[in-house]
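Take the sequence shown: its letters are residues 0 to 263, numbered as in numbering that gives the first Met the number 0.
Even glycine gets a Cβ: it sits at the ideal position worked out from N, Cα and C.
Take a look at the structure below.
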Amino acid sequence: METAIRTVYTIWLREWLRFLRERSRIIGMIGQPLLYFLIVGQGISAAMAFRAAPPGVNLSYLQFMYPGILAMSVLFTSIFSGISIIWDREFGFLKEVLVAPVPRWAIALGKALGASTVALCQAAILLALAPLAQVHLTLPLIGKLLAVLFLISLAITFLGVAIASRMETMEGFQMIMNFLVMPLYFLSGAMFPLTNVPAWMSTLMHFDPLTYGVDALRHLIFAGAHPQVLAFLVHFSFTTDLLVLASMVLVLGGIGSWFFSRQV
């Protein structure tokens with residue numbers, strides 16, 4: 000067990016140090032959340048009136064979308080972290096690690112934790128911008144939000160690990176990710192309410208793990224809102240959201256570790 004823990008820590012530290020040494024990724028980590036917030040959030044909010052809210056509910060589109068922007072930031076950073084597996088395979092590092100007498104699942108977990116750490120740093124920038132969205136956050140609330148975002152990031156990272164483990168080229172991985180990421184995001188209810196959508200879309204939304212992540216974030220951010228506002232924003236209980244997210248971490252973690260372990 001001690002060997003597994005050391006392996007997880009070593010791989011996590013490698014992923015983190017590699018991120019810190021790549022200035023372009025650091026610039027991207029700072030610029031991407033600002034792009035999401037200023038263009039996606041404020042741009043759409045300024046261009047359209049939010050008419051989906053029921054009468055009497057005082058809610059701007061930017062406030063509605065803020066939890067979705069948090070989820071978007073974590074989603075993109077986490078799922079594309081699987082590229083590092085293909086990169087390590089092409090340069091021979093992965094082969095050296097896989098022949099070492101350490102559990103392969105520990106290597107996969109270390110990579111997932113490293114990617115999740117980077118994703119949380121990016122999300123922290125967006126949390127600092129919450130006042131611009133007229134969203135009030137306290138320190139205890141920020142801690143809870145980071146915990147939910149960590150669950151989202153870990154689940155999505157394991158999904159990326161599973162897919163990257165079966166891909167031979169970066170081009171193939173990126174093509175699959177581009178096909179997968181946008182449906183995951185759009186079906187999560189991050190950009191529009193889950194009410195009044197077609198039945199087939201509602202069914203797909205219930206199978207989207209990101210739906211429960213966005214719902215959990217809204218539970219936390221709007222916990223003190225008027226009951227009418229809360230009823231409009233959330234669609235599952237907070238307990239259900241956490242159970243689904245935790246289950247997805249375990250399921251995708253098992254799948255990702257299994258696929259990663261089968262590499263030769």
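Measure the CB-CB distance between Gly-159 and Phe-79 and report whether it falls below 8 Å.
-> Yes, Cβ-Cβ distance for Gly-159 and Phe-79 is below 8 Å.
Mind checking Ala-99: buried by the 16 CB within 10 Å criterion, or exposed?
-> Classification for Ala-99: exposed.
Can you tell which of Ala-107, Ser-152, Phe-75 has its C-alpha closest to the C-alpha of Tyr-35?
-> The shortest Cα separation from Tyr-35 among Ala-107, Ser-152, Phe-75 belongs to Phe-75.
Among the residues of its own chain, which have a CB less than 8 Å from the CB of Lys-143, if the five just before and after it don't count?
-> These residues qualify, in order along the chain: Leu-219.
Report all residues from its chain with a CB closer than 6 Å to the CB of Ile-141; omit the five preceding and five following residues, and keep chain order.
-> The answer, listed in chain order, is Leu-126.
Which one of Leu-216, Leu-244, Met-247 has the shortest CA to CA distance from Tyr-65?
-> For the options Leu-216, Leu-244, Met-247, the alpha carbon positioned closest to that of Tyr-65 is the one of Leu-216.
With a cut-off of 8 Å, do at least 3 Cβ pairs link the stretch 246 to 253 to the stretch 147 to 158?
-> Because the criterion of three Cβ pairs below 8 Å is met, the stretch 246 to 253 and the stretch 147 to 158 touch.
Does the stretch 85 to 104 come within contact of the stretch 175 to 186, defined as at least 3 CB pairs closer than 8 Å?
-> Flag = no, the stretch 85 to 104 and the stretch 175 to 186 do not touch.
Length-filtered (4 minimum) alpha helix (DSSP H) runs lying within the stretch 42 to 128 | Here the runs fully enclosed are 43 to 46, 60 to 78, 82 to 89, 92 to 97, 103 to 127.
On the three-state DSSP scale, how would you describe Phe-185?
-> If DSSP states are grouped into helix, strand and coil, Phe-185 belongs with the helices.
Where does Phe-178 land, buried or exposed, given buried means 16+ other C-beta within 10 angstroms?
-> It is exposed - the Cβ of Phe-178 has fewer than 16 other Cβ atoms within 10 Å.
Three-pair Cβ contact test at 8 Å for the stretch 164 to 177 versus the stretch 186 to 206 = With a cut-off of 8 Å, the stretch 186 to 206 and the stretch 164 to 177 do not count as touching, because too few Cβ pairs lie within range.
Is Ala-222 helix, strand or coil by DSSP?
-> Ala-222: coil per DSSP, three-state reduction.
Just to confirm, are Leu-131 and Ser-152 a CB contact at a threshold of 8 Å?
-> Between Leu-131 and Ser-152, the C-beta gap is not smaller than 8 Å, which leaves the two residues out of contact.
For the putative contact between Phe-235 and Asp-214, defined by C-beta atoms under 8 Å, what is the C-beta separation to the nearest angstrom?
-> Indeed they touch by this definition, with Cβ atoms about 5 Å apart.
Might you give, ordered along the chain, the residues of its own chain that have their beta carbon closer than 7 Å to the beta carbon of Phe-258, omitting 5 neighbours on each side?
-> Around Phe-258: Ala-161, Ser-164, Arg-165.
How big is the Cα-Cα spacing for Gly-109 and Thr-9?
-> Cα to Cα, Gly-109 sits roughly 7 Å from Thr-9.
Using CA coordinates, which residue listed in Leu-241, Leu-16, Leu-33 is at the minimum distance from Leu-128?
-> Checked all of Leu-241, Leu-16, Leu-33; the closest Cα to Leu-128 is Leu-33.
Hey, Gly-67 and Ala-154 are a contact pair by Cβ (cut 8 Å); roughly how many whole angstroms apart?
-> Distance from Gly-67 to Ala-154 at the Cβ level is roughly 17 Å; contact not present, criterion being Cβ atoms closer than 8 Å.
May I ask which residues mark the beginning and end of the alpha helix (DSSP H) holding Tyr-8?
-> Here the alpha helix (DSSP H) through Tyr-8 covers 1 to 20.
Is it the case that the Cβ atoms of Gly-212 and Leu-242 are separated by a distance below 8 Å?
-> Cβ atoms of Gly-212 and Leu-242: not closer than 8 Å.
Return the CA-CA distance between Met-200 and Leu-209, expressed in angstroms with no decimal places.
-> If I take the Cα positions, the gap works out to 14 Å.
Asp-207, DSSP secondary structure in three states = Reduced to three states, the DSSP call for Asp-207 is coil.
Taking the alpha-carbon positions, what's the Tyr-60 to Pro-226 distance?
-> Cα to Cα, Tyr-60 sits roughly 18 Å from Pro-226.
Proximity below 8 Å, CB of Gln-133 to CB of Gln-31 = Contact flag unset, no.
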